[in-house]
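In the working numbering, the protein residues as written are 3 to 210. Where a beta carbon is used, it is the ideal one built from N, C-alpha and C, also for glycine. All of these numbers come straight from a predicted model, not from anything done at the bench. Step one of this worksheet: look at the structure below.
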């Protein structure tokens, strides 16, 4: 039996052939945008993820060692950790850009929205080794072809490289597939109900 999802079926989010220099994430290459949309529009789903993030991160990371505490404040502060865990819960995927100076000392860690990253190359066993960043991958959004950058997998000898983690579950893809995937119908249904009721209320109709 094939799993039927509101906007996607199992086949449409499983392995896709490489095209235009990258491996698409979903048949239309916009599956992560869909997951972000559910997070932004389904109140219960949003609340659950926010609660999970607060539970996992707590009050953040601390150290009694002064040098370690300074590094934590510089690179692993509360805002960074919460953003990192939020994307991990939404996408089962983490993308962190590691930026180094000319002496290859780490200067900054930047959490990237997984919706902006696609795998450009994999190694012989299928693990990602090169990525393409775009501000947006939606062809219908202005700026689709701008801000295109290739980033290698984490490498201490590169000034910019990507720390990349994903859990694809039972799917044969180099992208995250969240554990709540079996509940996508219910999440999208909640989102549609709220949007429909809101539209009706704004137009003078009482939701039934």
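Where DSSP assigns a beta bridge to residue i, which residues make up the other side?
{"i": "residue 123", "result": "132"}
{"i": "residue 102", "result": "108"}
{"i": "residue 25", "result": "121"}
{"i": "residue 96", "result": "167"}
So what's residue i in DSSP terms, helix, strand or just coil?
{"i": "residue 165", "result": "strand"}
{"i": "residue 158", "result": "coil"}
{"i": "residue 38", "result": "helix"}
{"i": "residue 20", "result": "coil"}
{"i": "residue 115", "result": "coil"}
{"i": "residue 72", "result": "helix"}
{"i": "residue 31", "result": "coil"}
{"i": "residue 15", "result": "helix"}
{"i": "residue 185", "result": "helix"}
{"i": "residue 194", "result": "helix"}
{"i": "residue 77", "result": "helix"}
{"i": "residue 10", "result": "coil"}
How would you write the range of the alpha helix (DSSP H) that residue i sits in, first residue to last?
{"i": "residue 2", "result": "The requested residue 2 does not occur in the structure, where the chain is confined to residues 3 to 210."}
{"i": "residue 143", "result": "That residue, residue 143, is in no alpha helix (DSSP H); it is neither H nor E in DSSP."}
{"i": "residue 56", "result": "45–59"}
{"i": "residue 82", "result": "80–93"}
Rounded to the nearest angstrom, what separates residue i and residue j at their Cα positions?
{"i": "residue 162", "j": "residue 182", "result": "32 Å"}
{"i": "residue 184", "j": "residue 35", "result": "18 Å"}
{"i": "residue 109", "j": "residue 64", "result": "20 Å"}
{"i": "residue 195", "j": "residue 116", "result": "27 Å"}
{"i": "residue 156", "j": "residue 22", "result": "23 Å"}
{"i": "residue 126", "j": "residue 18", "result": "17 Å"}
{"i": "residue 47", "j": "residue 90", "result": "14 Å"}
{"i": "residue 146", "j": "residue 118", "result": "11 Å"}
{"i": "residue 121", "j": "residue 30", "result": "15 Å"}
{"i": "residue 111", "j": "residue 43", "result": "29 Å"}
{"i": "residue 95", "j": "residue 171", "result": "11 Å"}
{"i": "residue 26", "j": "residue 106", "result": "32 Å"}
{"i": "residue 9", "j": "residue 72", "result": "45 Å"}
{"i": "residue 59", "j": "residue 139", "result": "30 Å"}
{"i": "residue 130", "j": "residue 174", "result": "13 Å"}
{"i": "residue 3", "j": "residue 188", "result": "Model confidence at residue 3 stands at a pLDDT of 40, short of 50, so the residue's coordinates are unreliable and nothing is read from them."}
{"i": "residue 51", "j": "residue 176", "result": "23 Å"}
{"i": "residue 1", "j": "residue 67", "result": "Here the chain comprises residues numbered 3 to 210, so residue 1 is not present and cannot be evaluated."}
{"i": "residue 98", "j": "residue 57", "result": "22 Å"}
{"i": "residue 20", "j": "residue 32", "result": "15 Å"}
{"i": "residue 159", "j": "residue 79", "result": "25 Å"}
{"i": "residue 13", "j": "residue 74", "result": "42 Å"}
{"i": "residue 70", "j": "residue 76", "result": "10 Å"}
{"i": "residue 15", "j": "residue 104", "result": "40 Å"}
{"i": "residue 45", "j": "residue 37", "result": "14 Å"}
Assuming residue i and residue j are in contact, meaning their beta carbons sit under 8 Å apart, how far apart are those beta carbons, in whole angstroms?
{"i": "residue 153", "j": "residue 165", "result": "With a Cβ gap of about 10 Å, residue 153 and residue 165 do not count as contacting."}
{"i": "residue 141", "j": "residue 150", "result": "Not a contact, Cβ separation roughly 13 Å."}
{"i": "residue 82", "j": "residue 113", "result": "6 Å"}
{"i": "residue 24", "j": "residue 134", "result": "5 Å"}
{"i": "residue 93", "j": "residue 28", "result": "Not really, about 12 Å apart at Cβ, beyond 8 Å."}
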